[in-house]
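Shown next, in structure tokens, is the structure this report addresses.
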Amino acid sequence: MRKMLLVFRNEIASTISKKSFWLSTFLFPALVLALTFGLQLLAGDTLSVGEQLLPDPSSERPVGYVDQSGLVEELPPQVTEAMLLSLPDEPSAQEAIGSGRIERYVVIPADYLQGGTVRIVSERYRPLDPAALPTVLLYALDYNLLGRDADRARLIFNPLPDLESTSLAEGGAGAGAGAADDNPLAFYVPYAALLIFYFVLIMSGTYMLQSMAKEKENRTAEVLLLSVRPRELMTGKILGLCAISLFQVALWVGGGLLALSAYGDSLAAAGTPVRLPASFAAWAAGYFVFGFILYASVLGALGALAPGAREGNQFVMVAILPLLVPLFMSNALIRDPNGSLTTFLSLFPLTSPVSMPTRLAATPVPLLQLLGGLAALAVTAYLFVLLAGRLVRTDTLLTYKALGLKRIGAELKGAK
0 MRKMLLVFRN EIASTISKKS FWLSTFLFPA LVLALTFGLQ LLAGDTLSVG EQLLPDPSSE
60 RPVGYVDQSG LVEELPPQVT EAMLLSLPDE PSAQEAIGSG RIERYVVIPA DYLQGGTVRI
120 VSERYRPLDP AALPTVLLYA LDYNLLGRDA DRARLIFNPL PDLESTSLAE GGAGAGAGAA
180 DDNPLAFYVP YAALLIFYFV LIMSGTYMLQ SMAKEKENRT AEVLLLSVRP RELMTGKILG
240 LCAISLFQVA LWVGGGLLAL SAYGDSLAAA GTPVRLPASF AAWAAGYFVF GFILYASVLG
300 ALGALAPGAR EGNQFVMVAI LPLLVPLFMS NALIRDPNGS LTTFLSLFPL TSPVSMPTRL
360 AATPVPLLQL LGGLAALAVT AYLFVLLAGR LVRTDTLLTY KALGLKRIGA ELKGAK
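Residue numbering for the sequence shown follows numbering that gives the first Met the number 0, beginning at 0 and increasing consecutively.
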């Protein structure tokens, strides 16, 4: 036990002394936040309906249009030529683009009412800006087609301008199967949980493989085996990296919970209450600990079998393949948290470490399923630790044979 604790302390000290650990600890949440807000800005989600309907003439050039159908007889109220510029023909429109008066123009053909098609010409190629009909021109067309009724034209553009939504279920993001459809933040909270647990499991598990492989590569393992049994070495490393990983998860999840607590009233006032279940942290920690032990034992065994860190890293993707399934099916996992596929993934031991916390963040989970999934994961983790302990032997740590599927199969058969 004393030697295992020494390995435990050494693993923590060596990990926190790495710059890469602290960079990943603080850069990962910063990167997620930057991507989230950046995508929101690019998508223009923060614009109100009025801002989408009527562009700012001081910051945008007007949209030109050539009306060959004669439908646009009059511009709607509040729409000026600084927003929507009528041009007599296409040569005039081309000249306006060339002089910089407009950036693009729309040709409304004479048979627009029959075909419903228009042609948009822009001065430059925009790969991220789809060639959609400008909303201000849509508004002008609706206005004239509806007998110059501005109110009806606005309602056609936005049928529910003052929509108020009320959630009848308690708990916001974890309130029920339909929460993600009613509350946009109810999608992001479970997705954030999925990314956090996936990233930490992969990163820390890879640390385990690299630690075992490097100690074998630089022959430190030969010195350690003179005083430490292989199983004590393996257990101490797993527990040390597990403690480090729990620190990262506590830091990220704690920061997220503080943010939700600080802005909870504002979000509730805006109609988007987000509250995680009170038991979320306890259940998530349990699934994470046993999930980490499971995958760390697998990657640690690979590190012991591999002749070096480079060879061991080639098998990381194979070892963590089950964890990729919830990531690829994240939309189904969050949109239908009580579906049969989601339930299976949250109970299957190889996928439950990330699937169950994600599901728990999206909806209440029956206690029997929580206990059953955790028990199955704990038993599987224990069996994998026993198997890894049999693979991490003196002869495997001192062998530098090439690592391949054939050798892994042979070692598994010989692990008695």
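The C-beta atom is built at its ideal place from N, Cα and C for all residues, glycine as well.
Remark: C-beta atoms of P336 and A361 approach each other more closely than 8 Å.
A straight-line Cα-Cα distance of about 22 Å links A284 and A12.
Under DSSP, I107 forms a beta bridge with D66. Between the C-alpha atoms of E72 and L30 there is a straight-line separation of about 50 Å. The three-state reading of DSSP puts S278 in coil, since its state is none of H, G, I, E or B. C-alpha of V353 to C-alpha of F7: approximately 25 Å in a straight line. In the three-state scheme derived from DSSP, where H, G and I count as helix and E and B as strand, R118 is classed as strand. Restricting attention to beta strand (DSSP E) runs no shorter than 3 residues, the stretch 76-103 encloses them at 83-85, ordered along the chain. Around the beta-carbon of M316, fewer than 16 other beta-carbon atoms lie within 10 Å, marking it exposed. For the 8 Å CB-CB criterion, V120 and Y64 do not form a contact. Contact check between the stretch 73-82 and the stretch 107-115: fewer than three CB pairs, one atom from each, fall below 8 Å, which does not count as touching. Around C241, the same chain offers S203, V288, F291, I292 and A295 as residues with beta carbons nearer than 8 Å, after the five sequence neighbours per side are excluded.
Two segments are said to touch when three or more pairs of C-beta atoms, one from each, lie closer than 8 Å; by this definition the stretch 321-331 does not touch the stretch 230-240. The C-alpha of I15 lies about 36 Å from the C-alpha of T341. Contact between R60 and E102 holds, with the beta-carbon distance rounding to 5 Å and staying under 8 Å. Just measuring C-alpha positions, the residue of R228, A281 and S226 sitting nearest G253 is A281. Going by DSSP, R8 is part of the alpha helix (DSSP H) stretching over R1 to I15. The count of Cβ pairs closer than 8 Å, one atom from the stretch 244-252 and one from the stretch 400-415, stays below three, leaving the stretches out of contact. Here L366 is exposed, its C-beta having fewer than 16 other C-beta atoms within 10 Å. T357 and S91 have their C-alpha atoms roughly 57 Å apart. Within the same chain, and ignoring the five residues on either side of L208 in sequence, the residues whose Cβ sits closer than 6 Å to its Cβ are L298, L301, G302 and G311.
DSSP, read as helix, strand or coil, puts G403 in coil. Between L369 and V378, the alpha-carbon positions lie close to 14 Å from each other. The beta carbons of L320 and L402 sit no closer together than 8 Å. Counting along the chain, the unbroken alpha helix (DSSP H) around Q368 starts and ends at L366 to L390. At the C-beta level, S351 and Y286 come within 8 Å of one another. Y206 has its alpha-carbon roughly 14 Å from the corresponding atom of Q313. Out of V391, G338, E221 and L349, the CA that lies nearest to the CA of A318 is found in L349. Annotation for L332: the continuous alpha helix (DSSP H) segment containing it runs S329 to R334.
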